[in-house]
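In the order they appear, the protein sequences are chains A and B.
Just so you know, we're using the numbering used here here: the first sequence kicks off at 328 and counts up by one.
Just so you know, we're using the numbering used here here: the second sequence kicks off at 69 and counts up by one.
In this text, a Cβ means the ideal position worked out from N, Cα and C, and glycines have one as well.
Keep in mind it's a predicted model, so treat the numbers as computed, not measured.
Written out below as structure tokens is the structure these notes cover.
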Amino acid sequence: MLDELRQHLARLQKPAGLVDGPALLPLGVPAVDEVLGGGLARGALHEIAALSEAHLPAATGFALGLAALTSSSFRGAPTGEPGIQKQLLNARLDSGSAPLARPGMTAKHLVWIAEDMALAESGAPHGAGLDDFSLSPQRLLTVAVAHRQDLMWTMEEALRCRAVGAVLGELRHGALDSVAVRRLSLAAADSGALAFLLRAQPAHDASTAVTRWVVGTAPSSLSSPSPGWGGSAPKAPGWGDIGTEFTPTRRASHGDLPPPGGGERKEPGAPRFAAHLTRNRRGPAASWILEWRPTDERFVLAAHAEPVAAPLRHRSHQKVA
Amino acid sequence: METGIGELPLVVAGKRGNADVLVAVDETAERLGLTPGLALAQARAMHPALDVVPEDASADAELLESIADWCLRYTPLIACDAPDGLLLDISGCAHLYGGERPLVADLGRRLAAAGFAYRIAIAGTIGAAFAAARDGRPDAYANGEERDILCPLPLGALRLPPPMVASLGRVGLKCIGDIIDMPRAPLTARFGGELLRQLDRALGREHEPLTPRLPVAPYVAEKRFHDPIAREEDVLGTVEMLAVQLAAALERRGDGARRIELTLFRTDGALRRIAAGTARPLRDPADMRALFAERLNALADELDPGFGFDMARLSVLVAEPAPPEQIGIGAAEDVGELVRLVDRLSARLGAQRVRRAVAQDSHIPEVASVSLPAQATGTDDGWAAFHRYRAEAELAPRPLRLLSQPEPIEVVAEVPDGPPLRFKWRRALHDVAAADGPERIEGVWWHPQPSEDIAPAGNRARDYFRVEDKGGHRFWLFRAGLYRDLTRADVAQGAIAAPAWFVHGMFG
Numbered sequence: 328m329l330d331e332l333r334q335h336l337a338r339l340q341k342p343a344g345l346v347d348g349p350a351l352l353p354l355g356v357p358a359v360d361e362v363l364g365g366g367l368a369r370g371a372l373h374e375i376a377a378l379s380e381a382h383l384p385a386a387t388g389f390a391l392g393l394a395a396l397t398s399s400s401f402r403g404a405p406t407g408e409p410g411i412q413k414q415l416l417n418a419r420l421d422s423g424s425a426p427l428a429r430p431g432m433t434a435k436h437l438v439w440i441a442e443d444m445a446l447a448e449s450g451a452p453h454g455a456g457l458d459d460f461s462l463s464p465q466r467l468l469t470v471a472v473a474h475r476q477d478l479m480w481t482m483e484e485a486l487r488c489r490a491v492g493a494v495l496g497e498l499r500h501g502a503l504d505s506v507a508v509r510r511l512s513l514a515a516a517d518s519g520a521l522a523f524l525l526r527a528q529p530a531h532d533a534s535t536a537v538t539r540w541v542v543g544t545a546p547s548s549l550s551s552p553s554p555g556w557g558g559s560a561p562k563a564p565g566w567g568d569i570g571t572e573f574t575p576t577r578r579a580s581h582g583d584l585p586p587p588g589g590g591e592r593k594e595p596g597a598p599r600f601a602a603h604l605t606r607n608r609r610g611p612a613a614s615w616i617l618e619w620r621p622t623d624e625r626f627v628l629a630a631h632a633e634p635v636a637a638p639l640r641h642r643s644h645q646k647v648a
Numbered sequence: 069m070e071t072g073i074g075e076l077p078l079v080v081a082g083k084r085g086n087a088d089v090l091v092a093v094d095e096t097a098e099r100l101g102l103t104p105g106l107a108l109a110q111a112r113a114m115h116p117a118l119d120v121v122p123e124d125a126s127a128d129a130e131l132l133e134s135i136a137d138w139c140l141r142y143t144p145l146i147a148c149d150a151p152d153g154l155l156l157d158i159s160g161c162a163h164l165y166g167g168e169r170p171l172v173a174d175l176g177r178r179l180a181a182a183g184f185a186y187r188i189a190i191a192g193t194i195g196a197a198f199a200a201a202r203d204g205r206p207d208a209y210a211n212g213e214e215r216d217i218l219c220p221l222p223l224g225a226l227r228l229p230p231p232m233v234a235s236l237g238r239v240g241l242k243c244i245g246d247i248i249d250m251p252r253a254p255l256t257a258r259f260g261g262e263l264l265r266q267l268d269r270a271l272g273r274e275h276e277p278l279t280p281r282l283p284v285a286p287y288v289a290e291k292r293f294h295d296p297i298a299r300e301e302d303v304l305g306t307v308e309m310l311a312v313q314l315a316a317a318l319e320r321r322g323d324g325a326r327r328i329e330l331t332l333f334r335t336d337g338a339l340r341r342i343a344a345g346t347a348r349p350l351r352d353p354a355d356m357r358a359l360f361a362e363r364l365n366a367l368a369d370e371l372d373p374g375f376g377f378d379m380a381r382l383s384v385l386v387a388e389p390a391p392p393e394q395i396g397i398g399a400a401e402d403v404g405e406l407v408r409l410v411d412r413l414s415a416r417l418g419a420q421r422v423r424r425a426v427a428q429d430s431h432i433p434e435v436a437s438v439s440l441p442a443q444a445t446g447t448d449d450g451w452a453a454f455h456r457y458r459a460e461a462e463l464a465p466r467p468l469r470l471l472s473q474p475e476p477i478e479v480v481a482e483v484p485d486g487p488p489l490r491f492k493w494r495r496a497l498h499d500v501a502a503a504d505g506p507e508r509i510e511g512v513w514w515h516p517q518p519s520e521d522i523a524p525a526g527n528r529a530r531d532y533f534r535v536e537d538k539g540g541h542r543f544w545l546f547r548a549g550l551y552r553d554l555t556r557a558d559v560a561q562g563a564i565a566a567p568a569w570f571v572h573g574m575f576g
């Protein structure tokens, strides 16, 4: 009797996105997709918390990477040759001006909602910076709200709009109103859009989110620049490929000086995220270090983080970071 | 204008020149023989028990404005005739009340209920109505009666400067009838053109435009209620009903509404004006209703219907040509959906809060990409040009989040022009593991150097570095100012500030 009721309740509670199987967004990383049961559920709420406030930009990048996957059609093998990358880059840039030019891409919009305080403290989304997450700034709508209620209301409103593919709500502090979160889940399930709740700190409150991530930064694979800054030595694909050539706009004022630091001069590589999946309705919790490849518009697995063990909140490094 | 209630005679006194004189008197005072223009001292001497209120010109003007607002229920064409008159152009409006006399009766009844003394006259010209209301017998006169109205009235009724009236009086010209048939040339020669101009205007020989105090909306629809409405649903229902009328008118001329105003007339005379903007020309009544639903939601208690609204008017303040509606194509539908979302959010949260990124033609990062209200941005937001430029110039990556103001940091750098080794920002120390740069962005020489307090980074050349600290946090730092520009003497004299470091953004 009790079991029956429980099952009934579970059926009622399941957002529609979970019932309709195909609404999954594969990350393209087999290890992650396996744990997620095929990919990130569309039409559902996902919580992405920064390890601490200092990690908020990384959490933002991770969320935007996931949002970018919704419109990305380059799901093929990673391409290593610079020529092809350039083509891809150009294709991406062109698509920015004509969103319908690329086959298979839906010109859905991203709505980024944040409280005034968050925008002042952690910086506002920068249009030109979105390019590196394969998101066209034309498709971004930024909404600054005065308080939490407006944030929730705006997220819900945005989710109900058919032209919106992903909604990112940024929450700085404090617990969530469970009713509001529930409404968000339902709104997302109705529309099939991705809803992200970006939090500045990990929280342990109850939530109807399908997945809960805690994201921190991870050191990127540092690359040594070629001598004289102007060469074309192979580098890790990604960040380094855009604009490291010697051009008048990027004149190194000390180009002939020996590299400082005992000849060990490093450049940052593609962004990496230490992503901990702490709550997962479809499978176990897990941790990875994921690298975002801007030119391929996808994540790749950089390395395993420490083996999956106790829940994250018991780890000491969380406090330190 | 206002009648006093107390037993004491009430007078309003103000300064005219150096003297305190009576500006307005109530009925009791009038019966005692006090008239406006009398010196206050003299009035006090006549009647020591006077209730004297100091004049407050700005409050009077405000009151007149609010009465003018309230009169919008009769006509949109209203001009204030300071200090105590209102001009209403009721051409084509009177039939709504069943004629001019019923309109005057309605206006008078409402004014009296609000406690105002009034004189109302209707005539074919502004000048004639003015003269009849102030010096003649207030009534509704037909067109062509101007001559009859004016002839018996004193010349002061013609809106002439008092010195001119006085000098006309000295030659025995007291009434308008005295000059109405006189030869024009000698009058003009002696008293100037103003006299005959005012006479011509009052007689309708010369057209006198009325300049309304509010811009007249190109599209207006209104509804009066026998029973006042107060509930929000009723208001919204009315909005939709009026919007249907507007939509038909808009469609006929191929226009769409960019700014709509809802005016609600409360029974006690107060006015509620609620405006809503749209991101693109709008015609759909359901959309207009949705827009005002958000506005009313945001207003909540501020709306305060009191005893209800007895009239509602929906006017399109700004209209723009709208292309014929496109139906059926998916992409267009999606765009329409987004526009509706933008309108809804802007109506509820304020247009300033809903923003879109726009690329501008500049190298300075905070200027190159700015966010502007989404309703105000056009279709060309500059990104196509930016992306072309970016591909050509091979710009370095830009940060995901940009701080509203570059924040100063303390930096240890190995060589003056090189990237930092470690830096301190917001009380946290970061050891730099990797750096990429510099990307030099020169200051704009055609702008003057702003003071350091306003723009800490100033207008100096910036060297941007993309750095990653040992923990993997990625920052966008820059040094404002170049060491190459610096001489020891400059620093000593403080002519050029030493280069300073800032953090400007964070990468994902």
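In the three-state reduction of the DSSP assignment, M574 (chain B) falls in the strand class.
Distance from L468 (chain B) to F389 (chain A) at the Cβ level is roughly 11 Å; contact not present, criterion being Cβ atoms closer than 8 Å.
Sorting B:W544, B:D429, B:I247, B:D537 by C-alpha distance to the C-alpha of P476 (chain B) places B:W544 at the top. If only uninterrupted beta strand (DSSP E) runs of at least 3 residues are considered, those enclosed by the segment 96 to 161 of chain B are 119 to 122, 146 to 149, 153 to 156. Annotation: the segment 255 to 338 of chain B contains the following complete segments of the alpha helix (DSSP H) (minimum length 4 residues), in chain order: 261 to 271, 300 to 320. Around D137 (chain B), the same chain offers L339 as residues with beta carbons nearer than 8 Å, after the five sequence neighbours per side are excluded.
With respect to Y287 (chain B), A387 (chain B) sits close: the two C-beta atoms are nearer than 8 Å. Taking a Cβ-Cβ cut-off of 8 Å, F626 (chain A) has no neighbours in chain B, whose nearest Cβ is about 12 Å from it. Sequence-distant partners of E362 (chain B) (beyond 5 residues in either direction) whose C-beta falls short of 7 Å from its own C-beta, in its chain, are R412, A415, R416. Within the segment 344 to 413 of chain B, the complete alpha helix (DSSP H) segments of 4 residues or longer fall at 353 to 367, listed in chain order.
The C-alpha of E262 (chain B) is placed about 13 Å away from the C-alpha of P254 (chain B). Annotation note: the segment 436 to 492 of chain B contains the following uninterrupted beta strand (DSSP E) runs of length 3 or greater, listed N- to C-terminal: 437 to 441, 469 to 481. Remark: C-beta atoms of L108 (chain B) and D88 (chain B) approach each other more closely than 8 Å. Within chain A, not a single residue places a beta-carbon under 9 Å from that of H163 (chain B); the smallest gap is close to 44 Å. DSSP, read as helix, strand or coil, puts H498 (chain B) in strand. Taking a Cβ-Cβ cut-off of 8 Å, E370 (chain B) has no neighbours in chain A, whose nearest Cβ is about 16 Å from it.
In this structure G549 (chain B) is buried. Its beta-carbon is surrounded by 16 or more other beta-carbon atoms within 10 angstroms.
For W619 (chain A), the pairing in a beta bridge is given by DSSP as A:F626. Think of a sphere of 9 Å around the beta carbon of L497 (chain B): no beta carbon from chain A falls inside it, the nearest being about 12 Å out. In the DSSP annotation of this structure, the continuous segment of the beta strand (DSSP E) that includes I440 (chain A) starts and ends at 436 to 442. By the beta-carbon neighbour count (other beta carbons within 10 angstroms, threshold 16), T279 (chain B) is exposed.
Under a criterion of Cβ atoms nearer than 7 Å, no residue of chain B is adjacent to F523 (chain A); the nearest Cβ is some 14 Å distant. For G540 (chain B), at least one C-beta of chain A is nearer than 8 Å to its own C-beta. Each of A:L351, A:L354, A:T469, A:V356 was checked against the Cα of V426 (chain B), and the nearest Cα belongs to A:T469. Minimum Cα-Cα distance from P296 (chain B) among the listed residues B:L314, B:F333, B:G272, B:A317 corresponds to B:F333. For the C-beta of V472 (chain A), the chain B residues within less than 9 Å are, from N- to C-terminus, L417, R421. The criterion of a C-beta distance shorter than 8 Å is satisfied by L351 (chain A) and A368 (chain A). Taking 8 Å as the cut-off, the Cβ atoms of R599 (chain A) and G540 (chain B) count as close. Secondary structure note for E497 (chain A): its beta strand (DSSP E) is the uninterrupted segment 491 to 498. V422 (chain B) sits in a strand when the DSSP states are folded into three classes. By the beta-carbon neighbour count (other beta carbons within 10 angstroms, threshold 16), I190 (chain B) is buried. Fewer than three pairs of CB atoms, one per stretch, sit closer than 8 Å, so the segment 267 to 277 of chain B makes no contact with the segment 366 to 383 of chain B. Contact annotation: in the segment 344 to 372 of chain B, no residue has its CB less than 7 Å from a CB in chain A.
Cβ neighbours of E75 (chain B) within its own chain (closer than 8 Å, five residues either side excluded): T96.
Cα atoms of L489 (chain B) and A501 (chain B): separation of roughly 8 Å, rounded to the nearest angstrom. For A395 (chain A), the closest Cβ of chain B is not nearer than 8 Å.
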